[in-house]
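Residue numbers (the UniProt record's numbering): 1 to 368.
Here the structure comes first, spelled out in structure tokens, and everything after it is commentary.
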């Protein structure tokens, strides 16, 4: 028979409700004492965690895709939160049917990334677990905490905000919140500061430029002919985005030649900064087929006629862009071509845009 005097046996004899509040009281008591006297109370803290976890017998999910509820949203495995020297902790985290430390991993900057796949689905459980987890991470002097809440768990957002989390960014399927643990200013990187647009300067061997009229545009652009433009998609190259936008709006296939110029502006859509790249493209087809959802009309227009539009002549930026394009057509100016490179720091391929200069010009600089 099990010894009834053993502390873990005594805990098991208590009613669930009484046990819950007693354990909660003792755990926070030890947390507070350990914060005040980190070395003196460390042995008691570990003894308490051992006693509390010794009788853990509830079923847990065995994978990140398993059903996670208030009774199994944590692994019984040792903590995977690294210490200051990078070593993995070897003792079990405190657990309870109603609260525990949220499953997470440490990033390379000493911060915490909460595992979104193993979040408790129940708001009440989450409201217990989140402050408990923050107290635990503070003990180990962690820094930033990243909390990704998918759309189906949006009812957890007010709970996180109440605990001091701030909005960082949002996508269609989730919202990202952050919490900065140390005193002083938050050092977490800010959300993306820019949106990136592209314009396709497509000119054929008859010296005609591909132009469009948009269905929905600013009143100043009504009736005006402009270059096909659009925004870069996530993980898309600048040159790929320009080719795609021209194809979507006009049906014309093209290949990238070079970046003619780019513009940098601030405080545009939702106060974001904006980068806009003018890309010279070579047409591979001629027959136009417009996107009727966005485009009112498209055509091949004589370049001289296009440049003489009031829209171009009365706008200093558009006029300067066309002057650069004219110099490019005269082969007295060379834009930036894309060169694939790989960095040893991350092993990833990227595109470096540059020209090689007058003495050893790129072949594309002579193409028209």
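Backbone N, C-alpha and C fix where the C-beta goes; we use that ideal spot for every residue, glycine too.
- Ranked by how close their Cα comes to the Cα of residue 318, the residues 307, 328 and 327 have 307 in first place.
- Annotation for residue 313: 319 place their beta carbon closer than 7 angstroms to its own, counting only its chain and skipping 5 residues before and after.
- Spanning the alpha carbons of residue 282 and residue 324 requires a straight line of approximately 17 angstroms.
- Annotation note: the region 94-128 contains the following uninterrupted beta strand (DSSP E) runs of length 3 or greater, listed N- to C-terminal: 104-106 and 112-114.
- Three or more Cβ pairs closer than 8 angstroms define a contact, and the region 233-247 falls short of that threshold against the region 266-273.
- The beta carbons of residue 276 and residue 197 sit about 4 angstroms from each other, so the pair counts as a contact at 8 angstroms.
- Residue 161 is classed as exposed because its beta carbon has fewer than 16 other beta carbons within 10 Å across all chains shown.
- Per DSSP, the beta bridge partners of residue 180 are 144.
- Each residue's CA atom was taken as its position, placing residue 315 and residue 215 some 21 angstroms apart.
- Distance from the CA atom of residue 352 to the CA atom of residue 336, rounded to whole angstroms, is 9 angstroms.
- Residue 144 and residue 342 have their alpha carbons spaced roughly 30 angstroms apart.
- Checking the DSSP bridge columns, you'll see residue 150 partnered with 174.
- One alpha carbon belongs to residue 172, the other to residue 123, and they sit about 22 angstroms apart.
- Using a Cβ distance threshold of 7 angstroms, residue 165 and residue 179 count as a contacting pair.
- Note: residue 259 is bridge-paired with 279 and 336 in the DSSP secondary-structure output.
- In this structure, residue 203 and residue 303 form a Cβ contact; the two beta carbons are roughly 6 angstroms apart against a cut-off of 8 angstroms.
- When the five nearest sequence neighbours on each side are left out, the beta carbons in the same chain lying within less than 8 angstroms of the beta carbon of residue 157 are those of 149, 175 and 177, in order along the chain.
- Counting only runs of at least 3 residues, the UniProt domain "Nudix hydrolase" (193-323) fully encloses the following beta strand (DSSP E) elements, listed from N- to C-terminal order: 194-202, 208-214, 229-231, 254-265, 273-283 and 295-302.
- Going by DSSP, residue 350 is part of the beta strand (DSSP E) stretching over 349-354.
- Secondary structure at residue 344: coil, using DSSP grouped into helix, strand and coil.
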